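Data first, discussion second: the structure below is written as C-alpha cells.
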Amino acid sequence: MADTSRTDTSAESVAAPTPEEREWLDHRVETWVETYKKSMLTPVTLSLVGEHQPAEVSTIAESVTAATGWQITERGLYRTVKRLQDSGLLQSTAVAAPRTGAKRKLLTLTPLGASFLDGIRGNLVEVPGG
Numbered sequence: 001m002a003d004t005s006r007t008d009t010s011a012e013s014v015a016a017p018t019p020e021e022r023e024w025l026d027h028r029v030e031t032w033v034e035t036y037k038k039s040m041l042t043p044v045t046l047s048l049v050g051e052h053q054p055a056e057v058s059t060i061a062e063s064v065t066a067a068t069g070w071q072i073t074e075r076g077l078y079r080t081v082k083r084l085q086d087s088g089l090l091q092s093t094a095v096a097a098p099r100t101g102a103k104r105k106l107l108t109l110t111p112l113g114a115s116f117l118d119g120i121r122g123n124l125v126e127v128p129g130g
C-alpha cells in the first residue's frame, strides 16, 4: 500500500517534516531570506537616504538596522552606496567635518533615484495570509 501521508493536503493530516526535510527546509528559507535582504537593501537604502538627506553612511547603517532589524556590514553598505551612485540613483557631496576638517560624504537621493524608488514601491506585494 502506498504512503499517502505526504499527498493528503488537508490541514489535520499533514505530517510534521522529517529531520531531513526540516534541514532542507531550513536551508531553503535561509537562502531565500539572504537573497531577499540583498535585493531589498537597495530600496531600503534609497528610502532612508531620502528620509534623512543629506545623510552620512553611518546614519544610513543605523537606520537600516532600526528599520529592518538586519545587521549589515559597513563594507556591504558602502558597496551598495557605490553601486547606487554609479547608477545615478544617489549623489554624494564631500564636506569638511566641523571639528577636524576631515572629509565626509553626505548622500542625497537624485530625482532618478526617487523615480526608481517610486517604481519599486508601486510593485511591492504582501504575502497573503500572514
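The opening residue of the sequence shown carries number 1 in UniProt numbering; numbering runs sequentially from there. C-beta atoms are modelled at their ideal positions from N, C-alpha and C, and glycine is treated no differently. Model, not experiment: these values are computed from the prediction.
Boundaries (first-last residue) of the beta strand (DSSP E) holding residue i
i: Thr93; result: 90-96
Limits of the unbroken alpha helix (DSSP H) element including residue i
i: Leu106; result: Per DSSP, Leu106 belongs to no alpha helix (DSSP H); it is in the beta strand (DSSP E), 103-109.
i: Pro19; result: 19-52
i: Leu77; result: 74-86
Reference residue i; option with closest CA among the options
i: Gln53; options: Gly122, Leu109, Val64, Glu21; result: Leu109
i: Asn123; options: Val33, Pro43, Ile60; result: Pro43
i: Ala94; options: Ala61, Ser63, Gly88, Lys105; result: Lys105
For residue j and residue i, the rounded distance between their alpha carbons
i: Phe116; j: Thr45; result: 12 angstroms
i: Val125; j: Gly101; result: 45 angstroms
i: Gly69; j: Ser63; result: 9 angstroms
i: Ala55; j: Val49; result: 6 angstroms
Three-state secondary structure assigned by DSSP to residue i
i: Ala55; result: strand
i: Gly129; result: coil
i: Leu112; result: helix
i: Ala61; result: helix
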